[in-house]
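Structure, as structure tokens:
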Amino acid sequence: MQLFPIVIVGIVIAASRGAGWALGAEDMSALEICCLVWGPVAVIVAVCWWKMRNWARTVNEPGGRKAFRYAERFAISARTVVVVNHGVSVLGLGWLGLVREGIAKVVGGSGNLVLVDEFVAMLPALAGVVGIWWAYYPMELRLRERMLAAQLDSGASVHPMPSRWTYVVMQARLHLVMMMAPLLLIAGMSELVGMLLDTWASETGHEWVVQVVELASAGTVFVFSPLVVRWLLDVERLADGELRQALTEICRRHKVSVREILVWKTEGTVINAAVMGIMGWFRYVLLTDGLLETMHPRELKAVMAHEVAHVQRKHIPWMIVSLLALLTGGMVASWGVLVAADHAGVQWNSDSAQSVVEGVQEILPLLVVLVGFGWVSRRMERQADTFAVQDMSVYGVGDARKDAAMESDDATRKDVTREDGVPKVTGAAVGTMMNALEVIARLHMVDVRRRSWRHGSILWRQEYLGGLVGQPVDRLKIDRQVRWIKAGSALLLGGALAVLWKLGLMV
6 MQLFPIVIVG
16 IVIAASRGAG
26 WALGAEDMSA
36 LEICCLVWGP
46 VAVIVAVCWW
56 KMRNWARTVN
66 EPGGRKAFRY
76 AERFAISART
86 VVVVNHGVSV
96 LGLGWLGLVR
106 EGIAKVVGGS
116 GNLVLVDEFV
126 AMLPALAGVV
136 GIWWAYYPME
146 LRLRERMLAA
156 QLDSGASVHP
166 MPSRWTYVVM
176 QARLHLVMMM
186 APLLLIAGMS
196 ELVGMLLDTW
206 ASETGHEWVV
216 QVVELASAGT
226 VFVFSPLVVR
236 WLLDVERLAD
246 GELRQALTEI
256 CRRHKVSVRE
266 ILVWKTEGTV
276 INAAVMGIMG
286 WFRYVLLTDG
296 LLETMHPREL
306 KAVMAHEVAH
316 VQRKHIPWMI
326 VSLLALLTGG
336 MVASWGVLVA
346 ADHAGVQWNS
356 DSAQSVVEGV
366 QEILPLLVVL
376 VGFGWVSRRM
386 ERQADTFAVQ
396 DMSVYGVGDA
406 RKDAAMESDD
416 ATRKDVTRED
426 GVPKVTGAAV
436 GTMMNALEVI
446 ARLHMVDVRR
456 RSWRHGSILW
466 RQEYLGGLVG
476 QPVDRLKIDR
486 QVRWIKAGSA
496 LLLGGALAVL
506 WKLGLMV
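Next comes the structure, spelled out in structure tokens:
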């Protein structure tokens, strides 16, 4: 899961609820604001296109492999700049308000149409992100050429390289549709409920009813959103056979209900897996065609166990609790900073001081979420890796010969011995999960040391897994750590909500 779609949507939602700072936009014309909004996006895409074209010419030269790393890092930096420009435009230059004025001139009214004004306000950022993928295409082409020989040697299916726009559409489906569709549906439902009930609530004094209905509506959309995402993606049912039976067995033995196991057709360009849905009736496991074609069946089972872990360990609801806890905790912290400044004698009379106050109130909670939620997410990802290793240690890696070899090797006998009936983490299980991570990194030309906000680096995950060999399966530190995270998140959320209610910051 990428962070940037969440931030793009979150910025617009925050602006629609009144967040923002005055950066002198009131003295600018609409044309000047449009130039400040769209101009940086055009420059970023143009520079990205120029850099990618030059790097693509050097990949076959000595040391050309580094070009892939440089290109990937540059693309990530370019997306970051696009998102920052989006934040400045929407929150600082009043871009959302200008969009609403334009819509009002066309259709009348206030211009605040459900999701329409928000989506139009996101277009510059989305155009920038899509433009960067368009510019990156030459590097993807060279990457596929490098992968071709390995695919032919392994007997894997070889797909023709998609056209530039087909590639861009697939990237948009992977990185934008899966995240933004549920978020926009939830935001749209909340906005619609507010429009229908706000007048009644203000007349009767029952504003809390609006919040309850908004929350219930958002929850309903969240539950049903996998059905919408499935419709938007190009998927098909995983065919019957030994692999489907083995993957279904993993779900069955851990009592995880899944509506369907789907193959996501990406022309072999994506090697990944995901689980969607919080309820079994609306839960799907997605396996890309590239994953199925490049991984050994035992590694596919490890990946499946990893995805099952997210459900069995209830990561999705607890990540929501953690996110809310960090957000409300950040709000309390921002209030505490302002109180401390008050006691220190800071004067808030000037406009500039008021801007600082508003900035602290809005930025500090987001910083807390960015730092804290990334840390929580990486621990839950680590627990999912561990769950896969635990499953394979108890039930085998799915390769009888490899399991037998591990048990007969005196040097690794300690991996599989049981003391007091407690199974130990086996080297075969750890090796299988590490290999699965290695395949994903190698085929995507990703540096194993590259950090990820949500998942951590591949190397970080592999080094951790390597240290589990020989440890009791049901006494691993990460399981205790995640239990503490869940308990701490629940306590933080409850305490923060109580403080905000007491302060009158919540209605």
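The opening position of the sequence shown corresponds to residue 6 in the numbering used here, with each subsequent residue numbered one higher.
For each residue, glycine too, the CB sits at the ideal point set by N, CA and C.
Distance between beta carbons of residue j and residue i, contact taken as under 8 angstroms
i, j, result
"V268", "L305", "Not a contact, Cβ separation roughly 12 angstroms."
"W323", "K491", "5 angstroms"
"P187", "V234", "7 angstroms"
"A177", "I13", "Contact doesn't hold; Cβ gap of about 13 angstroms is too wide."
"A80", "I49", "A80 to I49, Cβ: 10 angstroms. No contact."
"V182", "L238", "7 angstroms"
"V42", "L101", "In fact, because the Cβ distance is near 11 angstroms, the residues do not count as touching under 8 angstroms."
"A434", "M397", "4 angstroms"
"V214", "L202", "7 angstroms"
"V506", "G379", "Note that residue 506 is Trp in the sequence shown here, rather than Val. Not confirmed; about 28 angstroms, so no contact."
"V478", "V430", "6 angstroms"
Secondary structure of residue i, DSSP reduced to three states
i, result
"I266", "strand"
"E66", "coil"
"R147", "helix"
"V313", "helix"
"K319", "coil"
"V125", "helix"
"D347", "helix"
"S115", "coil"
"G23", "coil"
"T274", "coil"
"L8", "coil"
"V261", "coil"
"S3", "Here the chain has residues from 6 to 512 only, and residue 3 is not among them."
"M300", "coil"
"S82", "helix"
"H164", "coil"
"G493", "helix"
"M397", "helix"
"M385", "helix"
"S413", "Its pLDDT being 47, under 50, S413 is placed unreliably in this model, and the coordinates cannot settle the point."
"D484", "helix"
"V451", "coil"
"S34", "coil"
"S457", "coil"
"V444", "helix"
"L502", "helix"
"V402", "coil"
"L332", "helix"
"D472", "Per the sequence shown, the amino acid found at residue 472 is Gly instead of Asp. Correct three-state label for G472: coil."
"G136", "helix"
"S94", "helix"
"Q41", "The displayed chain sequence assigns Leu, not Gln, to residue 41. Looking at L41 - three-state DSSP - the assignment turns out to be helix."
"S222", "helix"
Identity of the residues DSSP links to residue i by a beta bridge
i, result
"T293", "W269"
"V280", "V290"
"K429", "P477"
"R242", "L267"
Distance cut-off 7 angstroms: residue i Cβ against heavy atoms of the ligand HEM
i, result
"L296", "No copy of the ligand HEM occurs in the structure displayed, which carries no ligand at all."
- Specify whether the segment 132–148 and the segment 67–85 touch according to this definition: at least 3 beta carbon pairs, one from each stretch, less than 8 angstroms apart. Yes, the segment 132–148 is in contact with the segment 67–85.
- Message: Any contact between the segment 491–507 and the segment 319–336? By contact I mean 3 or more CB pairs, one from each, below 8 angstroms.
- Response: yes
- How do the segment 111–124 and the segment 48–58 stand: do at least 3 beta-carbon pairs fall below 8 angstroms, yes or no? no
- Query: Would you call the segment 310–319 and the segment 386–396 touching, i.e. three or more CB-CB distances under 8 angstroms?
  - Reply: yes
- contact_flag[the segment 433–451, the segment 464–472] where n(CB pairs < 8 angstroms) is 3 or more: yes
- Okay, do the segment 332–347 and the segment 273–283 touch, 3+ Cβ pairs below 8 angstroms being the bar? no
- Does the segment 217–224 come close enough to the segment 191–201 to have 3 or more Cβ pairs within less than 8 angstroms? yes
- Message: Any contact between the segment 470–478 and the segment 431–442? By contact I mean 3 or more CB pairs, one from each, below 8 angstroms.
- Response: Yes, since at least three Cβ pairs between the segment 470–478 and the segment 431–442 fall closer than 8 angstroms, the two stretches touch.
- Query: Of all the alpha helix (DSSP H) runs that stay within the bounds of the segment 169–216, which reach a length of 4 or more residues?
  - Reply: 169–177, 183–209
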